[in-house]
Amino acid sequence: MTHTVTAELHYSGTWHDVTSDLRLSAPLTWSRGYSLANLKTAAGQLVGRITSVDGAWNPINPMSAIYGLVGRNTPIRLSVEGDVRWYGEVSWTPMIRPGGDVYTDVAAGGLLQRVQRGTTPLKAPLYRSIVADAPTAFWQLTDQATDATGRPVTAATMPLAGTSTGQAWAQLDGPGGAPSKALQLCAANALTATVSTTLAPANTGRWELEICVRADIDTSDSATHFIIANWTTSGTCDDWFLTCDRPDTPGNGKIKFEVWYRHDPGAYRGVDVDVDETTDHWYHVRVTAYQSGSNQYTSIYCNGSSLEDIDDPSSTTGSPTRITLGPQLEGSPYFTFATAGVTSVGVSHLAVYTAAAGDHYAAATGYAGETAGERMQRLGTEEGITVTVAGTAADTTTMGAQPLAALLDLLTEAAATDGGLLFESGSTLGLTYVPLAELYRRPADLTISWADDVMPTLRPALDIAAARNDVTATSTTLGSHRYAIETGPMSTALPPDGIGRVDTTVNVNPQTFAQLVDIASWVAWTLCSVRPRYLELVLDLDAAPSLDVTGLDIGSVIEISDIPTTVDPDTPRLIVTTIEEQATNHRRTLRLGTVPAEPYDVGALGSAGAAGWADCRATTTTEALDATETGVDVAAADLCAWTHADGDYDIVIGGERMTVTAVTAAAGAPGAYTQTLTVVRSVNGVTKTHATGAEVHVADPLIMARR
Amino acid sequence: MALGLTFSAGARVYASDLQAIADQVDVLTLGVPDMAIATRAAAQSYTSAQQAALSLDTEVVDTAAMFAATSTRVYCATTGVHQATGYVNIASPGSSGMFIAELRLSGTSVASIDLPLNSNGTARATVSVDKLMTAGQYMELFLYNGTGGTRNVTGQLSVVRLGSTS
Numbered sequence: 001m002t003h004t005v006t007a008e009l010h011y012s013g014t015w016h017d018v019t020s021d022l023r024l025s026a027p028l029t030w031s032r033g034y035s036l037a038n039l040k041t042a043a044g045q046l047v048g049r050i051t052s053v054d055g056a057w058n059p060i061n062p063m064s065a066i067y068g069l070v071g072r073n074t075p076i077r078l079s080v081e082g083d084v085r086w087y088g089e090v091s092w093t094p095m096i097r098p099g100g101d102v103y104t105d106v107a108a109g110g111l112l113q114r115v116q117r118g119t120t121p122l123k124a125p126l127y128r129s130i131v132a133d134a135p136t137a138f139w140q141l142t143d144q145a146t147d148a149t150g151r152p153v154t155a156a157t158m159p160l161a162g163t164s165t166g167q168a169w170a171q172l173d174g175p176g177g178a179p180s181k182a183l184q185l186c187a188a189n190a191l192t193a194t195v196s197t198t199l200a201p202a203n204t205g206r207w208e209l210e211i212c213v214r215a216d217i218d219t220s221d222s223a224t225h226f227i228i229a230n231w232t233t234s235g236t237c238d239d240w241f242l243t244c245d246r247p248d249t250p251g252n253g254k255i256k257f258e259v260w261y262r263h264d265p266g267a268y269r270g271v272d273v274d275v276d277e278t279t280d281h282w283y284h285v286r287v288t289a290y291q292s293g294s295n296q297y298t299s300i301y302c303n304g305s306s307l308e309d310i311d312d313p314s315s316t317t318g319s320p321t322r323i324t325l326g327p328q329l330e331g332s333p334y335f336t337f338a339t340a341g342v343t344s345v346g347v348s349h350l351a352v353y354t355a356a357a358g359d360h361y362a363a364a365t366g367y368a369g370e371t372a373g374e375r376m377q378r379l380g381t382e383e384g385i386t387v388t389v390a391g392t393a394a395d396t397t398t399m400g401a402q403p404l405a406a407l408l409d410l411l412t413e414a415a416a417t418d419g420g421l422l423f424e425s426g427s428t429l430g431l432t433y434v435p436l437a438e439l440y441r442r443p444a445d446l447t448i449s450w451a452d453d454v455m456p457t458l459r460p461a462l463d464i465a466a467a468r469n470d471v472t473a474t475s476t477t478l479g480s481h482r483y484a485i486e487t488g489p490m491s492t493a494l495p496p497d498g499i500g501r502v503d504t505t506v507n508v509n510p511q512t513f514a515q516l517v518d519i520a521s522w523v524a525w526t527l528c529s530v531r532p533r534y535l536e537l538v539l540d541l542d543a544a545p546s547l548d549v550t551g552l553d554i555g556s557v558i559e560i561s562d563i564p565t566t567v568d569p570d571t572p573r574l575i576v577t578t579i580e581e582q583a584t585n586h587r588r589t590l591r592l593g594t595v596p597a598e599p600y601d602v603g604a605l606g607s608a609g610a611a612g613w614a615d616c617r618a619t620t621t622t623e624a625l626d627a628t629e630t631g632v633d634v635a636a637a638d639l640c641a642w643t644h645a646d647g648d649y650d651i652v653i654g655g656e657r658m659t660v661t662a663v664t665a666a667a668g669a670p671g672a673y674t675q676t677l678t679v680v681r682s683v684n685g686v687t688k689t690h691a692t693g694a695e696v697h698v699a700d701p702l703i704m705a706r707r
Numbered sequence: 001m002a003l004g005l006t007f008s009a010g011a012r013v014y015a016s017d018l019q020a021i022a023d024q025v026d027v028l029t030l031g032v033p034d035m036a037i038a039t040r041a042a043a044q045s046y047t048s049a050q051q052a053a054l055s056l057d058t059e060v061v062d063t064a065a066m067f068a069a070t071s072t073r074v075y076c077a078t079t080g081v082h083q084a085t086g087y088v089n090i091a092s093p094g095s096s097g098m099f100i101a102e103l104r105l106s107g108t109s110v111a112s113i114d115l116p117l118n119s120n121g122t123a124r125a126t127v128s129v130d131k132l133m134t135a136g137q138y139m140e141l142f143l144y145n146g147t148g149g150t151r152n153v154t155g156q157l158s159v160v161r162l163g164s165t166s
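If you're matching them up, the sequences are chains H and Z in order.
Counting from 1, position 528 in the first sequence corresponds to residue 528 in the numbering used here; the numbering is continuous, with no gaps.
Counting from 1, position 113 in the second sequence corresponds to residue 113 in the numbering used here; the numbering is continuous, with no gaps.
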């Protein structure tokens with residue numbers, strides 16, 4: 001059978017078909033995938049050879065047509081039968097042998113071959129978010145303990161210098177979105193330290209100021225009141241204060257921020273907001289002012305919400321000229337100050353804008369609470385790579401604060417936390433993520449015939465190569481949780497009762513500890529399926545030309561039909577995790593790495609779409625069964641009884657699947673009920689006798705899903 | 001109250017564990033069970049040989065939308081075992097004949113009592129029964145006046161859900 005293999009390079013702004021020079025006498029091989037055991041994306045590869053007479057495909061040959069056009073990481077894509085199967089970037093290894101065969105080996109990789117080389121952590125989310133909005137002045141205030149000033153991030157900006165004693169650099173843990181150590185302005189009841197700088201922005205008519213404030217105070221203390229920041233402007237409202245105050249109702253779990261400004265000589269006007277007290281005592285406060293006609297409009301935002309607006313007629317806005325931070329004792333005579341109830345006050349990430357900027361509260365939290373899918377998409381957008389979520393990003397698990405880590409590590413962490421599959425896309429240069437929820441009860445994307453569609457290398461493997469029955473899920477912020485499967489054939493019990501302890505640690509970053517608990521048990525159960533792994537699953541597209549693999553991708557579910565009962569009594573359902581494809585113009589195979597899909601066939605409740613049957617923990621047969629008897633007498637040693645109230649369902653006894661069509665009323669006492677199940681025998685082709693005491697279980701159990 | 005159950009993501013769910021939860025939920029909800037108490041505050045006149053349900057004109061309590069005045073019926077909102085109690089008061093019953101109070105579950109008699117008649121004052125009696133009621137069924141308090149004269153009656157019907165059957 002012939003196959004149409006097409007290779008294209010992208011240069012000079014368009015795709016160029018290079019198939020005619022491609023050597024297809026030996027197969028082209030390319031691969032992609034994800035490891036659920038290691039929770040890592042496998043870097044894709046493409047290996048081929050291209051004829052290079054007279055150095056035609058030697059990119060450094062000045063006489064070649066590709067000189068100056070093709071080089072390192074030139075985009076390449078490969079299609080088979082018109083379907084783009086692989087996309088990457090190519091490197092070149094010219095082979096120059098006078099008088100001999102002249103060719104160039106091409107070795108291409110997917111996006112990861114480039115992205116994974118970078119190990120420098122991305123800047124903190126809040127830093128990235130602020131810089132993206134081009135601030136006029138920006139200080140991180142995460143300077144070293146030995147520093148005397150707060151160095152500016154922006155050019156032509158003065159440092160924030162201490163104007164009194166008491167400030168302590170690198171003293172406080174920063175907010176989630178800026179976890180470096182932050183500046184402490186005061187400790188308990190010592191409101192003396194300030195840092196200050198001057199500004200001279202060119203723009204006037206609009207300014208915005210944002211700052212993260214750590215206000216660790218007793219909000220039930222009715223006396224607490226201090227200044228966090230004071231700034232002056234060139235406008236008619238020239239003197240501004242951001243203060244922290246007791247709430248109107250002390251002890252109500254709120255904290256109050258106020259903005260006061262002088263709108264007439266000697267006259268101050270203020271707006272205030274009460275916001276919920278946070279566990280880490282960090283608050284993101286933003287004050288904006290802009291000119292509209294002869295009016296100035298002022299707003300204050302706290303933790304992402306616009307909480308108060310005010311309008312000043314006959315005012316000019318100007319621009320900030322000086323900023324002082326610190327719980328100052330000096331200040332306007334209109335304010336009184338009290339230090340009671342103060343544990344510590346700190347600041348981080350002060351930014352001033354003279355153009356409209358966005359609200360960076362989400363970034364200040366490190367985007368805690370965003371979903372894994374949304375995080376991947378956001379990071380992809382920020383870093384200029386394509387991340388496609390093959391499902392609903394909002395349905396993925398919620399994440400903790402984004403840590404300081406390299407891009408690929410952040411993407412990998414999000415994938416591991418959600419539990420889906422992250423892999424290099426096949427048809428574009430980018431990454432694709434299949435969320436865990438998309439793997440739940442996924443219908444078969446492709447059904448293949450054991451007899452006709454696969455090479456005879458396919459075989460089940462009852463091994464422990466991928467098994468991990470003792471799993472510790474670890475989060476840098478939440479701690480860790482360990483889950484071990486302690487009973488059953490895949491348990492930590494010594495053989496022959498179990499497989500022995502096989503432990504692993506997974507590094508994840510969920511939003512809550514409850515998710516961490518789920519992750520540990522989920523990883524253990526999915527890696528310890530009692531179902532066999534299937535090795536050497538190779539689709540032979542020449543032996544099975546009708547097999548349509550166009551839509552087959554990582555995350556697809558395949559079912560193997562007509563598998564002999566003596567090989568596997570059940571129809572194998574497998575999730576594809578790796579694909580290695582080989583093609584020439586007369587031969588094509590797909591080698592698939594898979595994991596059992598059954599652990600992902602979780603239960604569903606409800607009148608519509610219900611899936612899975614509650615099992616009985618301790619039901620056994622009370623009689624010996626020949627190979628055909630349809631009345632199965634059982635005893636339940638657990639507090640449950642069998643029923644047929646919801647219709648037919650399947651049970652398994654000794655590997656034989658039977659369909660229950662009726663159940664007698666339970667006799668005896670709870671915990672020792674006896675019943676007779678009317679069944680259809682051998683529905684999976686297994687015909688055998690069963691001894692008294694054989695275990696009885698539902699064939700399609702109700703499996704708990706993950707949060 | 002802790003159940004002592006742990007459900008692990010990825011693990012099988014067993015029927016006995018689900019039942020334990022269901023039982024616990026039932027116990028917890030007993031704090032505010034389904035119940036309704038309705039009375040006949042204004043005297044209802046029964047002519048001689050009349051047999052009719054007591055018409056309840058006043059709602060005392062109703063936690064599950066089981067009763068709406070004025071009606072003879074108190075409905076079951078949630079399937080389960082319920083206790084129904086009827087109370088009858090006849091101002092001047094006389095001493096001859098009979099006066100019967102009867103609880104009917106969706107029209108079928110499930111309990112009855114003969115009131116102790118006397119010529120000196122009032123006759124009072126309570127009839128009660130525990131029955132499995134399914135959602136939508138109703139309880140009524142039927143009275144039969146066999147005293148030979150017209151009688152003025154007040155009374156009460158209450159239905160309280162005791163719990164589920166399993």
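Note that CB positions come from ideal geometry on N, CA and C, so glycine has one too.
Since the model is a prediction, treat every value here as computed from it, not as a measurement.
### Task
Closer than 7 angstroms, Cβ to Cβ, to anything on chain H: give me those residues from the region 8 to 22 of chain Z, in chain order.
Ser8, Ala9, Gly10, Ala11, Arg12, Val13, Tyr14, Ala15, Ser16, Leu18, Gln19
#### Entry: For lysine 131 of chain Z, the residue or residues it bridges with in DSSP
Z/His82
### Query
From the DSSP output, which residues share a beta bridge with valine 61 of chain Z?
Z/Ile37
### Query
With a cut-off of 8 angstroms, do at least 3 Cβ pairs link the region 400 to 414 of chain H to the region 363 to 376 of chain H?
yes
### Message
At the level of alpha carbons, what is the spacing between alanine 645 of chain H and alanine 611 of chain H?
### Response
15 angstroms
### Message
On a Cα-Cα basis, can you pick out the residue from H/Arg269, H/Pro495, H/Gln515 that is closest to tyrosine 483 of chain H?
### Response
H/Gln515
### Task
Give a yes or no on whether the minimum CB-CB distance between methionine 704 of chain H and chain Z is below 8 angstroms.
yes
### Query
What residues in the region 606 to 625 of chain H have a beta carbon less than 7 angstroms from any beta carbon of chain Z?
Ala614, Asp615, Cys616, Arg617
### Classification of valine 53 of chain H by the beta-carbon crowding that lies within 10 angstroms, buried from 16 upward
exposed
### Task
Run down chain Z in chain order and give the residues with a C-beta less than 7 angstroms from the C-beta of aspartate 105 of chain H.
Correct list: empty, because the minimum Cβ distance to chain Z is about 45 angstroms.
### Query
When we look at the beta-carbon of alanine 437 of chain H and count the other beta-carbons within 10 Å, is it buried (16 or more) or exposed?
buried
#### Entry: Residues near threonine 550 of chain H by beta carbon distance below 7 angstroms, same chain, minus five either side
Asp83
### Task
Compare the Cα-Cα distances from leucine 408 of chain H to each of H/Ala401, H/Gly430, H/Ala390 and report the closest residue.
H/Gly430
### Task
Can you grab the Cα-Cα spacing for the pair valine 725 of chain H / asparagine 469 of chain H, in whole Å?
Since the first residue shown for chain H is 1 and the last is 707, residue 725 of chain H is missing from the structure and cannot be characterised.
### Query
What three-state label does DSSP hand leucine 329 of chain H in the structure shown?
Only weak support exists for where leucine 329 of chain H lies, its pLDDT of 49 falling under 50; the value from the coordinates is given anyway. Note: leucine 329 of chain H maps to coil in three-state DSSP.
#### Entry: C-beta atoms of glycine 88 of chain H and glycine 118 of chain H nearer than 8 angstroms
no
### Task
Tell me, please, whether the region 37 to 57 of chain Z touches the region 622 to 641 of chain H by the rule of three or more beta-carbon pairs shorter than 8 angstroms.
no
#### Entry: Buried versus exposed call for lysine 688 of chain H [16 or more other C-beta atoms within 10 Å across all chains shown]
exposed
### Message
What does the alpha-carbon distance come out to for the pair glutamate 330 of chain H and isoleucine 130 of chain H?
### Response
Confidence at glutamate 330 of chain H is low in this model, with a pLDDT of 48, below 50, so the placement of that residue should be treated as unreliable; the coordinate-derived value is given next. In a straight line, the C-alpha of glutamate 330 of chain H is about 31 angstroms away from that of isoleucine 130 of chain H.
#### Entry: Contact set between the region 471 to 487 of chain H and chain Z, restricted to residues whose Cβ is under 7 angstroms from the partner
Tyr483
### Query
Would you say the region 309 to 320 of chain H touches the region 233 to 242 of chain H, given that touching needs at least three Cβ pairs under 8 angstroms?
yes
### Query
Three or more C-beta pairs closer than 8 angstroms, one from the region 134 to 145 of chain H and one from the region 338 to 353 of chain H: is that the case here?
yes
#### Entry: Distance, leucine 143 of chain Z Cα to alanine 52 of chain Z Cα
6 angstroms
### For isoleucine 50 of chain H, the nearest candidate out of H/Thr104, H/His284, H/Ala444 (CA to CA)
H/Thr104
#### Entry: Counted within 10 angstroms of its Cβ, other Cβ atoms place leucine 605 of chain H as buried (16 or more) or exposed
exposed
### Query
At least one CB of chain Z closer than 8 angstroms to the CB of threonine 397 of chain H: is that the case?
no
#### Entry: Candidates H/Arg442, H/Thr279, H/Ser220, H/Tyr268: closest to threonine 250 of chain H by CA position
It should be noted that the sequence gives proline, not threonine, for residue 250 of chain H. Closest by alpha carbon: H/Ser220.
### Query
For the 8 angstroms Cβ check, are there 3 or more pairs between the region 471 to 486 of chain H and the region 548 to 564 of chain H?
no
### Message
For the alpha helix (DSSP H) containing glutamine 377 of chain H, name the first residue and the last one.
### Response
372 to 383
### Message
Just to confirm my understanding: we take alanine 724 of chain H, look at its own chain, exclude 5 residues before and 5 after, and list those with CB closer than 6 angstroms. What are they?
### Response
Coverage of chain H is limited to positions 1 through 707, which leaves residue 724 of chain H absent and any answer about it impossible.
### Query
At a cut of 8 angstroms, does the region 441 to 450 of chain H reach the region 555 to 574 of chain H through at least three beta carbon pairs?
yes
### Query
Thinking C-beta only, is alanine 135 of chain Z closer than 8 angstroms to alanine 65 of chain Z?
no
### Query
What is the residue span of the alpha helix (DSSP H) that proline 125 of chain H lies within?
125 to 132
### Task
Could you check what DSSP says for isoleucine 60 of chain H in three-state terms: helix, strand or coil?
coil
### Query
Three or more beta-carbon pairs under 8 angstroms between the region 484 to 494 of chain H and the region 519 to 532 of chain H, yes or no?
yes
### Straight-line Cα distance separating glycine 685 of chain H from threonine 566 of chain H
9 angstroms
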